[in-house]
Amino acid sequence: MARAVGGDVVVKFLGEVSELRQELRATQGDVEGLLMSMGALRADMQSNMTTMQSNMATMQSNMTTMQSNMTTMQSNMTTMQSNMTTMQSNMDSMMGNMETMMSTVESMTVGLGSVSGRLSRMEAHAGRMARLLVSMADSTHERFERVEKRLDDLEDKL
């Protein structure tokens, strides 16, 4: 009977080990996905900074042009209108990039929530495994004491 109980405990223990292994693999996949998202976010941010620097240089150049063309108002108005259109386009582009960055951050938040859930489940598995190990140790100890008692009884008879 003790052997059957011990066997059930071992089977449960092996099941917990298998579930823990599956959780670890899924967590590894989530972490890899998060790393890829972070790399994409970093690349987007670098690209946005380069675009913004280029746009700032363009705006500075346009301001210099506007100051030098103050004497010819008609020509300056055309240039200013062109600059405003470019600036609006740049602002629209920057807003689009910011929306993309926010979406990436939101995706990362969801991924972190998933990892947190997996870690909680892994902690529960580890707890069950610890209880099963204690049960196995107690059962083995009881069996050892019975064998020891039998050996003592046999020695007494001899």
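Numbered according to my numbering, the sequence shown spans residues 208 to 365. No residue lacks a Cβ here, since even glycine has one placed at the ideal position from N, Cα and C.
CB-CB length for residue i against residue j, believed under 8 Å
{"i": "Ser244", "j": "Met315", "result": "5 Å"}
{"i": "Met256", "j": "Met308", "result": "So it is not a contact: roughly 12 Å between Cβ atoms."}
{"i": "Thr292", "j": "Leu248", "result": "With a Cβ gap of about 30 Å, Thr292 and Leu248 do not count as contacting."}
{"i": "Met301", "j": "Met259", "result": "7 Å"}
{"i": "Leu227", "j": "Met329", "result": "6 Å"}
{"i": "Asn290", "j": "Asn262", "result": "About 11 Å separates the two Cβ atoms, so there is no contact after all."}
{"i": "Met266", "j": "Met284", "result": "The Cβ separation is near 17 Å, so there is no contact."}
Neighbour-count burial assignment, residue i, 16 or more Cβ in a 10 Å radius
{"i": "His332", "result": "buried"}
{"i": "Glu349", "result": "exposed"}
{"i": "Glu223", "result": "buried"}
{"i": "Leu339", "result": "buried"}
Residues of its chain near residue i, where Cβ-Cβ distance is below 7 Å and the 5 sequence neighbours each way are ignored
{"i": "Val240", "result": "Note on residue identity: the sequence assigns Gly, not Val, to residue 240. Gly318, listed in sequence order."}
As assigned by DSSP and simplified to three states, the class of residue i
{"i": "Thr292", "result": "helix"}
{"i": "Thr279", "result": "coil"}
{"i": "Leu365", "result": "coil"}
Cβ-based neighbour list, residue i, same chain, cut-off 8 Å, excluding 5 preceding and 5 following
{"i": "Glu230", "result": "Arg325, Arg328, Met329, His332"}
{"i": "Ala233", "result": "Arg325"}
{"i": "Asp237", "result": "Gly318, Ser321, Val322, Arg325"}
Any contact between the stretch 310-329 and the stretch 252-271? By contact I mean 3 or more CB pairs, one from each, below 8 Å.
As far as the Cβ criterion goes, the stretch 310-329 does not touch the stretch 252-271, which means the pair count is below three.
Any contact of the stretch 326-345 with the stretch 219-233, i.e. 3+ C-beta pairs under 8 Å?
yes
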